[in-house]
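Q: Read left to right, the sequence shown gives residues 7 to 342 (the working numbering).
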Amino acid sequence: MKKKGIQKFLGSFLVGFSILGLVAKGEASKIIKIDGSSTVYPISEGVAEEFQKAKKGEVKVTVGISGTGGGFKKFCRGETDINDASRPILKKEMEDCKQNNIRYLELPIAYDGLAVVINPKNTWAKCMTVEQLKEVWKPESQGKKFTWADLDPKWPKEEVRLCGPGSDSGTFDYFTEAIMGKAKSQRGDYLASEDDNVLVQFAQREKGALCYFGLAYVEENKGKIKAAEIKNPKTGKCVTPSLETVKSGEYQPLSRPLFIYINVKSLEKPEVKEFVEFYIKNAGKISKQVGYIPLPDKAYDIVKKRFEKRVIGTVFGGEPEVGLTIEELLKKEAKE
C-alpha cells in the first residue's frame, strides 16, 4: 500500500474509532445506577425493565442488592443515582450524605409485610408471639441452641435453625427494632444473606427453620415455605401476613413502607428525571405484580407532587418507624 493510501486508511480508521468512542461515551452517560434493598429490588427491577423497553435500549438501568444500609453507603458517596430502601434513612446516613453534599428526595413507593418463615413440615408453630421471637433472636442468646419446645412446651424438641438478612439490610434493621426494641440488636450466629432467595432455600430445606424476610418472597414461593401467624401485641389476635392484613393494618408490628431515595444532582440528567416520573406512574401496578401492596392512588398523587416540588430530605427525622400504617404514612407525607 502506498504511503498516501496508508495515511488515508489510518485517517479513516481513527475518525471511525473516534465516532465509536463518542457513541460509546454517549451510551455510558445514559446509565442509571440503582442499589440498596433486596426487598425493594423486585419493584425497581420491574420498573427498570419496563422503562428500558419503552426507551428501546437508549437508557440502561442497573439494579443492585447490597442491602438498604450497604446501598446508602454508596448513595451517600455519590456512586449511585437511586437507593432502594426498606426503611427510612437513619441519622448516621443523613450525616454521611451531608458531608458529601448529597441532597436527596425520599419517595414511598409501596407497602410490605415482613414475614416470619418456617418450613412446610412445621405443623406446630401456627402462631408466634413477639416475646418468643425476642427470646430466640436477642443478643444475649448468642451461642445458645433452642428447640421449639423451649419456646412452647407443646411444641416438639426439634432444633430451631435460624436464618435472616445480614446487618446491611433494612429488613434486619426493621425486624430488630420491631422485635427487640432497638435497631441492629440481635444475635449474630445464624445463616445471614442479603439475597432473600438464599434464605428461601434454607427455609425450604431445614425442618426446624425459623427465618424472616419480605412477605413478597413468601407469596412467590407458596408451597415451598410458609409464614407463621404473629400475635398482634395490641389486639391479641393471631394474624397471617398477607396483602390484605398488611393493607388493613391488622398485621403488626411487622408491616412497613418501602422507599426510593433520589440524588438531587442526578436529576440534572434528563434520563434520571424521566425514569423517576415513570417509576411513580407505574409503582402501584408493578408492586402488585411482584407481590407487594400498592399505596392508595392519593398516596401516589402526594408522591408525584413531592417530586415535582423537589421536597428535599426525610419526613422521619432519622429515626426508625415501627408499625406505621398506610394512613399514618399518608399523614406524614402530606404535611410537607
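Beta carbons are placed, not taken as given, at the ideal position from N, Cα and C, and that holds for glycine.
#1: Tell whether a beta-carbon distance below 8 Å holds between Thr177 and Gly220.
#2: Taking DSSP as the reference, what is the three-state secondary structure of Asn203?
#3: Give the secondary structure of Gly42 by DSSP, where H, G and I count as helix, E and B as strand, and everything else as coil.
#4: What did DSSP end up calling Ser261 once you bin it into helix, strand or coil?
#5: Are Val142 and Val166 touching if we call contact CB-CB under 8 Å?
#6: Count the other C-beta atoms from every protein chain shown that fall within 10 angstroms of the C-beta of Ala189, then say buried if there are 16 or more, exposed otherwise.
#7: Around the Cβ of Ile318, are there at least 16 other Cβ atoms within 10 angstroms (buried) or fewer (exposed)?
#8: Which class does Glu333 belong to by DSSP, given the choice of helix, strand or coil?
#9: So is Thr251 buried or exposed if we call it buried at 16+ other beta carbons inside 10 Å?
#10: Could you pull the DSSP bridge partners for Ala234 from this structure?
#11: CA-CA distance, Leu216 and Asn125?
#12: Could you tell me how far apart the beta carbons of Phe57 and Phe284 are, in whole angstroms, since I believe they sit closer than 8 Å?
#13: Short of 7 Å in beta carbon distance, which residues of its chain neighbour Lys249, apart from the five on each side in sequence? Order them along the chain.
A: From the atom records:
#1: Within the sequence shown, numbered from 1, the residue matching residue 177 stands at position 171. Within the sequence shown, numbered from 1, the residue matching residue 220 stands at position 214. Note that the C-beta distance between Thr177 and Gly220 is below 8 Å.
#2: What you label residue 203 is simply residue 197 of the sequence shown in a count that begins at 1. Helix.
#3: Residue 42 sits at position 36 when you count from the first residue of the sequence shown. Correct three-state label for Gly42: strand.
#4: Here residue 261 refers to the residue found at position 255 when the sequence shown is read from its first residue. DSSP places Ser261 in strand when its eight states are reduced to three.
#5: Within the sequence shown, numbered from 1, the residue matching residue 142 stands at position 136. Within the sequence shown, numbered from 1, the residue matching residue 166 stands at position 160. A contact, by the Cβ cut-off of 8 Å.
#6: Here residue 189 corresponds to residue number 183 of the sequence shown, with the count starting at 1. Buried, by the Cβ-count rule.
#7: As a first step, residue 318 is located in the sequence shown; it is residue number 312 there, counting from the start. Exposed, by the Cβ-count rule.
#8: Within the sequence shown, the letter at position 327 stands for residue 333. It is helical.
#9: Mapped onto the sequence shown, residue 251 falls at position 245. Label assigned to Thr251: buried.
#10: In the sequence shown, the residue the question calls residue 234 occupies position 228. Answer is none; Ala234 lacks a bridge partner.
#11: Locating residue 216 in the sequence shown gives position 210, counting from the first residue. Locating residue 125 in the sequence shown gives position 119, counting from the first residue. Their backbone Cα atoms lie some 8 Å apart in a straight line.
#12: Within the sequence shown, the letter at position 51 stands for residue 57. Within the sequence shown, the letter at position 278 stands for residue 284. Contact flag correct, Cβ pair sits at about 5 Å.
#13: The residue you call residue 249 lines up with position 243 of the sequence shown. Correcting the residue identity first, residue 249 is Leu in this sequence and not Lys. Correct list, in chain order: Ile299.
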